[in-house]
Each structure stands twice: as structure tokens, then as C-alpha cells.
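*Asks:* Residue numbers (our numbering), protein chains in the order written: chain A, 326 to 440; chain B, 490 to 602.
Glycine included, every Cβ here is placed at the ideal spot set by N, Cα and C.
This one's a predicted model, so the numbers in the text were calculated from it and none came from an experiment.
Spelled out as C-alpha cells, the structure:
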């Protein structure tokens, strides 16, 4: 089965600083990878996804992620943090088998942004 | 507007009672999912359904049941057998392709009192 590991349950940055959220995946086949954001008491919103078209993926709100097969990583970055980026972020991999497909999520990283 | 509607947003249940969480989508998606979210645990898959009248257990299906009688609807019942049901429950839907993202509802927060 596929899995993802998010390193660091909590990341704190200052406004204007670089944001780096780490995600490593475990997959025996080329994976489909996703980053989602969640604000308190809300559902999840897609930030970006990797589906093998390009290794550098640009998403909404200035976020991007780079797929590195050699490192089995899909880290999320943003050059300059904004207060509104404070939220919980989830990395996910698409797990498919005979029974169907479902997204498997990491445990999440809470991003705090200070002024 | 197309989307996924979960109801109610907040739900309180007494111990020993069954409760059903509603999930409806008008995105014409074949697949639907239920996830449970606990602090520090991420999202864990409870059940998923790829087509009407068929569903599969996820990683934590014990104490839960589902039905998929219509394409648009995928209700989740939390039974009295679920030992620790207090959590945030998220429903999602997607087309049946691995490269396509899932779309999420706003969630239901269930509290056992």
C-alpha cells in the first residue's frame, strides 16, 4: 500500500519568510501526489497535484512543490509567507488497487505565521 | 453551485446511540469517501465507494456502516460499537481516476455526551 510521511507536525515562520513543508512518499509505482490545505473547522482545499506531467508543480496562493523521484519527496514551498497562510497542510498519495482508488493522507503539518 | 454537502455541521450523541451523518454531492462523481480526522492523526479512511451499491472498508471501518443506494448520496452511520466516536468527519468525492483529486465537504463534528 502507498503511504506518505510529513516531517514536522508544526512549522513556525515569520511573515515574509520562506515556507517549506516536507512530504516523503512510499510507492513502488509512479505516484500521484497532492497537497491540501485546511482552515479550522472546514473541509480540505486542493493546493496542487503531481500527475507526472512536470516535476515542478505550481498551485494556488503562490505555493509550489517539486517531485523528486530520487529522494521520494514532494515538498511544498512558498517564497514569502503571509499571515493568511496559517493553516494545516496535508500531503496525500493516490492509492489504487482492484477495489478502487482512495487518497491516503499524511498526519498533517500545522503552519503558524507570526508578524 | 456544484459541491458536496455534509449535514449537520455539529452533532451530539449520547453513548449507546447510533447516528447517521449525511453526505450529498451534485458533481456527478462516481466515487465517494468517508474520512475521520483526529488531532495529530491526519485523515484516516473509513469507507469508500466506487459505484452505486458497492463499497469497500478502509483502514478504520470497525463500528461504522455505510450505504450507497444513489450516486449522489453516501451516508455514514456511527454505531454504538464504535468505542471512541468523537471526531471530525469528512466526506469527499472524485471521478474514478487515480490522477484526479478528491473534493471535500465542510465536515461534521460529532461529539458524544
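Counting only the same chain and skipping the five closest in sequence on each side, list residues whose C-beta sits under 6 Å from that of residue 515 of chain B.
*Replies:* Excluding positions up to five away in sequence, the list reads 491.
*Asks:* Rounded to the nearest angstrom, what separates residue 527 of chain B and residue 539 of chain B at their Cα positions?
*Replies:* The straight-line gap from Cα to Cα measures roughly 25 Å.
*Asks:* Can you give the Cα-Cα distance for residue 442 of chain A and residue 407 of chain A, rounded to whole angstroms?
*Replies:* Outside the displayed span of chain A (326 to 440) sits residue 442 of chain A, for which this structure offers no information.
*Asks:* With a threshold of 8 Å between beta-carbons, can residue 358 of chain A be considered close to chain B, or not?
*Replies:* No - not a single Cβ of chain B is within 8 Å of the one on residue 358 of chain A.
*Asks:* Here's the rule I'm using: 16 or more other beta-carbon atoms within 10 Å means buried, otherwise exposed. How should residue 602 of chain B be labelled?
*Replies:* Looking at its Cβ environment, which holds fewer than 16 other Cβ atoms inside 10 Å, residue 602 of chain B is exposed.
*Asks:* Here's a check: name, in chain order, each residue in its chain whose Cβ is nearer than 6 Å to the Cβ of residue 502 of chain B, leaving out the five neighbours to either side.
*Replies:* Closer than 6 Å at Cβ, skipping near neighbours: 508, 601.
*Asks:* My output table needs one value for residue 554 of chain B: the three-state DSSP class, helix, strand or coil.
*Replies:* Correct three-state label for residue 554 of chain B: strand.
*Asks:* Three-state secondary structure (DSSP) at residue 297 of chain A?
*Replies:* With chain A covering only 326 through 440, there is no way to say anything about residue 297 of chain A.
*Asks:* Hey, could you find the ends of the beta strand (DSSP E) residue 500 of chain B is sitting in?
*Replies:* Residues 499-502.
*Asks:* Could you name the residues of the region 372-405 of chain A whose beta carbon sits closer than 7 Å to any beta carbon of chain B, in the order they occur along the chain?
*Replies:* Flagged, chain order: 374, 376.
*Asks:* Going along chain A in order, which residues have a C-beta closer than 8 Å to the C-beta of residue 579 of chain B?
*Replies:* The contacting residues are 368, 369.
*Asks:* If we call anything under 8 Å between Cβ atoms a contact, is residue 587 of chain B one with residue 419 of chain A?
*Replies:* Closer than 8 Å, so yes.
*Asks:* To the nearest angstrom, how far is the alpha carbon of residue 342 of chain A from that of residue 389 of chain A?
*Replies:* Their backbone Cα atoms lie some 15 Å apart in a straight line.
*Asks:* What three-state label does DSSP hand residue 409 of chain A in the structure shown?
*Replies:* Note: residue 409 of chain A maps to helix in three-state DSSP.
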